[in-house]
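Letter by letter, the sequence shown follows residues 16 to 146 of our numbering. Please read the structure below before turning to the comments.
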Amino acid sequence: MYSLSRLTIYYKNFIYQKNLIYAMMLEINDEKELVRILKALANPIRIKIISYLSREPMCVYDLAKALKLSYPLTFLHVKILRDLGLIKEVRREESTKGLLPTRYYHASDFEITLSAENIRRIVEGGRNRNG
Numbered sequence: 016m017y018s019l020s021r022l023t024i025y026y027k028n029f030i031y032q033k034n035l036i037y038a039m040m041l042e043i044n045d046e047k048e049l050v051r052i053l054k055a056l057a058n059p060i061r062i063k064i065i066s067y068l069s070r071e072p073m074c075v076y077d078l079a080k081a082l083k084l085s086y087p088l089t090f091l092h093v094k095i096l097r098d099l100g101l102i103k104e105v106r107r108e109e110s111t112k113g114l115l116p117t118r119y120y121h122a123s124d125f126e127i128t129l130s131a132e133n134i135r136r137i138v139e140g141g142r143n144r145n146g
């Protein structure tokens with residue numbers, strides 16, 4: 016489902032809590048937001064991260080090993096995806112050795128509906144807001 020007035024990304028990842036279902040949704044209302052999402056998804060490493068995290072929750076250390084990348088580089092990619100809402104922290108384990116807690120991430124199940132008409136409306140809407 017999409018809105019003709021703006022591009023909408025729907026997350027199909029539902030949270031079940033006491034028989035209630037919450038659906039997460041992210042709306043893209045200007046071209047800068049659209050570009051940030053598309054840039055994030057244009058990176059092959061980030062696509063692999065989403066693929067791994069769609070199977071099971073993983074920590075950055077395990078992702079780095081699976082991707083054969085350094086921890087700092089993997090963390091940077093995870094942070095970009097997390098900040099956009101494409102992945103989320105699902106669990107945190109406290110360290111017994113006084114270190115920082117280990118954070119586990121899982122991919123949000125999302126669908127992108129994109130059309131030339133939606134892109135035109137986003138760009139024109141941004142121009143109208145900026146004068």
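Backbone N, C-alpha and C define an ideal beta-carbon position, used for all residues, glycine too.
For Lys80, the enclosing alpha helix (DSSP H) begins and ends at Val75 to Leu82. Ile102 is positioned such that its CB atom lies closer than 7 Å to that of Leu68. For Ala122, the enclosing beta strand (DSSP E) begins and ends at Thr117 to Ala122. For Ala55, same chain residues with a beta-carbon under 8 Å away, outside a window of 5 residues either side, are Arg61, Ile95, Leu96, Leu99 and Leu101 in chain order. Distance from Pro72 to Tyr120 at the Cβ level is roughly 6 Å; contact confirmed, criterion being Cβ atoms closer than 8 Å. Ala131 and Glu108 have their C-alpha atoms some 44 Å from each other. With distances taken between CA atoms, Thr117 lies nearest to Arg106 out of Phe125, Arg106, Asp124 and Ser85.
In the DSSP annotation of this structure, the continuous segment of the beta strand (DSSP E) that includes Glu104 starts and ends at Ile102 to Glu108. With respect to the 7 Å criterion, Val138 and Glu46 are classified as neighbours on the basis of their beta carbons. The three-state secondary structure of Glu126, taken from DSSP, is strand.
For Ser66, the enclosing alpha helix (DSSP H) has its first and last residue at Pro59 to Arg70. Going by beta carbons, Ala122 and Ile52 fall outside the 7 Å limit.
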